[in-house]
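Numbers given in my numbering equal positions in the sequence shown, counted from 1, plus 1.
Cβ atoms here follow ideal geometry from the backbone N, Cα and C, with glycine treated the same way.
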Amino acid sequence: MSADVKQQQYDAEQIQVLEGLDPVRKRPGMYIGTTGSRGLHHLVYEIVDNSVDEALAGFCETISVTIQNDNSIVVEDDGRGMPVNLHPKLKIPAVEVIHTVLHAGGKFGGGGYKVSGGLHGVGASVVNALSEVMEVEIKRNGKIYKQVYSRGKTLTPLTEIGESRKNGSKTMFKPDPEIFEEIYFDFETLEHRLREMAFLNKGVKITLKDEREGHKRAEVFHYEGGIREFVKHQNKNKEVIHPDIIYFELKKDDMHEVEVAMQYTDRYNELVLSYANNINTSEGGAHMIGFKSALTRVFNDYARRNKFLKENDEALSGEDVREGLTAIVSVKLINPQFEGQTKTKLGNSEIRGFVETTTNENLTAFLEENPSQARIILDKCLRAARAREAARKARELTRRKGVLDGLTLPGKLADCSEKDPALSEIFLVEGDSAGGSAKQGRDRKRQAILPLRGKILNVEKARLDKILNSDEIKNMITAFGCNIGEDFNLEKLRYHKIIIMTDADVDGAHIRTLLLTFFYRYMTPLIEGGYIYAAQPPLFQTKKGKEVYYTYSEREQEKLLAQLADKPGKASIQRYKGLGEMDYHQLWETTMDYNNRTLIQITLDNVTAADDIFTTLMGDRVPPRRKFIQENAKFVKNLDI
Ligand code: 0RA
Numbered sequence: 002m003s004a005d006v007k008q009q010q011y012d013a014e015q016i017q018v019l020e021g022l023d024p025v026r027k028r029p030g031m032y033i034g035t036t037g038s039r040g041l042h043h044l045v046y047e048i049v050d051n052s053v054d055e056a057l058a059g060f061c062e063t064i065s066v067t068i069q070n071d072n073s074i075v076v077e078d079d080g081r082g083m084p085v086n087l088h089p090k091l092k093i094p095a096v097e098v099i100h101t102v103l104h105a106g107g108k109f110g111g112g113g114y115k116v117s118g119g120l121h122g123v124g125a126s127v128v129n130a131l132s133e134v135m136e137v138e139i140k141r142n143g144k145i146y147k148q149v150y151s152r153g154k155t156l157t158p159l160t161e162i163g164e165s166r167k168n169g170s171k172t173m174f175k176p177d178p179e180i181f182e183e184i185y186f187d188f189e190t191l192e193h194r195l196r197e198m199a200f201l202n203k204g205v206k207i208t209l210k211d212e213r214e215g216h217k218r219a220e221v222f223h224y225e226g227g228i229r230e231f232v233k234h235q236n237k238n239k240e241v242i243h244p245d246i247i248y249f250e251l252k253k254d255d256m257h258e259v260e261v262a263m264q265y266t267d268r269y270n271e272l273v274l275s276y277a278n279n280i281n282t283s284e285g286g287a288h289m290i291g292f293k294s295a296l297t298r299v300f301n302d303y304a305r306r307n308k309f310l311k312e313n314d315e316a317l318s319g320e321d322v323r324e325g326l327t328a329i330v331s332v333k334l335i336n337p338q339f340e341g342q343t344k345t346k347l348g349n350s351e352i353r354g355f356v357e358t359t360t361n362e363n364l365t366a367f368l369e370e371n372p373s374q375a376r377i378i379l380d381k382c383l384r385a386a387r388a389r390e391a392a393r394k395a396r397e398l399t400r401r402k403g404v405l406d407g408l409t410l411p412g413k414l415a416d417c418s419e420k421d422p423a424l425s426e427i428f429l430v431e432g433d434s435a436g437g438s439a440k441q442g443r444d445r446k447r448q449a450i451l452p453l454r455g456k457i458l459n460v461e462k463a464r465l466d467k468i469l470n471s472d473e474i475k476n477m478i479t480a481f482g483c484n485i486g487e488d489f490n491l492e493k494l495r496y497h498k499i500i501i502m503t504d505a506d507v508d509g510a511h512i513r514t515l516l517l518t519f520f521y522r523y524m525t526p527l528i529e530g531g532y533i534y535a536a537q538p539p540l541f542q543t544k545k546g547k548e549v550y551y552t553y554s555e556r557e558q559e560k561l562l563a564q565l566a567d568k569p570g571k572a573s574i575q576r577y578k579g580l581g582e583m584d585y586h587q588l589w590e591t592t593m594d595y596n597n598r599t600l601i602q603i604t605l606d607n608v609t610a611a612d613d614i615f616t617t618l619m620g621d622r623v624p625p626r627r628k629f630i631q632e633n634a635k636f637v638k639n640l641d642i
């Protein structure tokens, strides 16, 4: 596409005028999803997306994002600079239209090709509407222009404030405290998304800098290898089984583009991430279907041709050829249709064949040209197929015996009498002695107790057949009643709160992680739905006179001791090493009583981070695990996976 055509597309007259910004302030959720932390961070992505579009159009190399000391954000790029010419009808500069008119921007003009356009894709005007102040500085035509807005309205006319031979756009905004519940930008959240953007748009350099007192740090994301490096990053703590990352891309025309990178690891789970216009399509869609069917087809054809599969052997299934696979599938297209419950499913059916054909051709070529790597992968697929058969038999057996359907509850379970799952909860308790106290102390009507003995099986290192042989895991599945994997059924879940109650020590943390790993891999909807919690037992009991105090962290204990210091007498302090040290009454009072307790809800913020964390924690590479535990030890309270 020539620069002229681009220019024309984006010219001021292309921008259709729809409406003002009052609706955005009235119902912010409609435009950015939430007014919580997620929506707040979304503002940054909206602004960055515009600069990424400028980079994808070939005019911008570097984008810098800065969190300033007052929690305002600055996004600067070295693109052409936003257009400043007058809008023919409105007679105001195009940049002002972009910032003060809802749905203004190339995206809504006839030929506008906007790639990034975040999940909500609402643009700079929405960010203005939700900011107490927003300033734009444009270097263009040898000049520097500036304009200031607030809460969706223009504060100052576009003014020339200097000269420059450079080009570019700089946007500062400060989110409006009248709109957002809390204005705090989390470096890691921004880091995660910006790194992802840099992987998905190879060559684009994105920097992130935190200038806040006590938080100062900076990162640079710049990947010439694009999603190849994304795969490498995702596999960094896994054992890969073949040296090359398989990579291919095809630009069909100016409107359709597909890029795939993939590599197999020794894991049993798959991590196939798909994107459409830089948006993570976690519900999949046309591109994912195309990729998956090509994968199954290519490996089966190759296996037959090269006698990995004999004539009478059953074909490899989709699961077999994806076991251990890490893959990124990224498509870029005009007019993406996002469907599904969370609008993260790509609906454009025309993209399916395009991805399928491209994958067929390129993957076949890779296997033909790299027979030794092909053999390694095929061997893995065949082992997966055999294990699948063994798992099917194990499952069949458990099914026939009714082991997993919840009809025969495990003997160790002390069930509650309540039958409504919404009112019932189950405590998974580490150790038989704590289990005993919990059984004595509980509210029998609504609280069930399942003691877990010793270490839970590490599901990262076992296939389904072995997993189904583990008593602890079978007990949980039966008690929950919702089955696992493809048989999972949320409607059968018997408790709407599943509460992990482990000791507040390293072993307890390990057991908790093993449990979470199992839930994450085999009962994902339980985590997505917010059914999983961690109980928070106290760390200290402090007695002074007749009073007894419980505290849940070192800091809380220090505070308490400082308060008690004013009073006469000596405090006696007990540090709990385990749940077992509390009698049933104490356990109830401090950890299980609805009125006193604190439960930490386990949430899943994004799949790539979660996969990484579980691999790090549960994989075989010890050094990264130690590092993670050290880095996060102090954050155990906010157990976000
Ligand atoms: C349309 C036309 C032109 C520039 C841009 C958009 C533009 C927008 C943004 C948003 C953030 N950074 C940006 N950089 C550029 C100018 C067209 C031309 O100069 O030919």
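- DSSP assignment within the segment 457-484 yields the following whole alpha helix (DSSP H) runs of 4 residues or more, N-terminal first: 465-468, 472-481.
- The three-state secondary structure of Y46, taken from DSSP, is helix.
- Not one heavy atom of ligand 1 falls within 6 Å of the beta-carbon of P89.
- For L296, the CB contacts under 6 Å within the same chain, skipping 5 residues up- and downstream, are V322 in chain order.
- The C-alpha of T160 is placed about 5 Å away from the C-alpha of K147.
- For F222, there is no enclosing alpha helix (DSSP H); the enclosing beta strand (DSSP E) covers residues 218-222.
- If you check the C-beta of P84 against ligand 1, you find a heavy atom less than 6 Å away.
- Between the C-alpha atoms of H511 and L527 there is a straight-line separation of about 20 Å.
- Y265 carries a strand assignment under DSSP once its states are collapsed to helix, strand and coil.
- Checking the 6 Å criterion, the Cβ of G509 is out of range of every heavy atom belonging to ligand 1.
- Taking C-beta atoms as the reference points, Q441 and Y585 count as a pair closer than 7 Å.
- Residue burial is scored here from C-beta neighbours: Q575 has fewer than 16 other C-beta atoms within 10 angstroms and is therefore classed as exposed.
- From the listed residues L44, S434, D78, K571, the smallest Cα separation to L580 is found for S434.
- Straight-line spacing of the CA atoms in I478 and Q342 works out to 27 Å.
- E225 has its Cβ no nearer than 6 Å to any heavy atom of ligand 1.
- Note on geometry: alpha-carbon atoms of Y276 and R384 lie some 30 Å from one another.
- Between Y534 and Q602, the beta carbon gap of about 6 Å places them in contact (Cβ cut-off 8 Å).
- Taking the C-beta atoms as reference points, E212 is found nearer than 7 Å to Q69.
- Bounds of the alpha helix (DSSP H) holding Q558 are 555-565.
- If you draw a straight line from the Cα of R495 to the Cα of Y532, it is about 11 Å long.
- A direct Cα-to-Cα measurement between N470 and K420 gives close to 29 Å.
- Shortest Cα-Cα distance from L515 to any of R196, L453, L562 involves L453.
- Rounded to whole angstroms, the gap between the alpha carbons of E220 and A304 is 44 Å.
- Per DSSP, K440 lies in no beta strand (DSSP E) segment; the continuous alpha helix (DSSP H) that holds it begins and ends at 433-442.
- In this structure, D78 has its beta carbon less than 6 Å from a heavy atom of ligand 1.
- Annotation for E529: the continuous alpha helix (DSSP H) segment containing it runs 525-529.
- About 46 Å separates the beta carbons of A572 and T525, which is beyond the 8 Å limit, so they are not a contact pair.
- DSSP places G163 in the strand class (E or B) of the three-state scheme.
- Nearest Cα to G40 within the set I99, L191, V330: L191.
- The alpha helix (DSSP H) runs lying completely inside the segment 305-367 and spanning 4 residues or more are 319-323, given in chain order.
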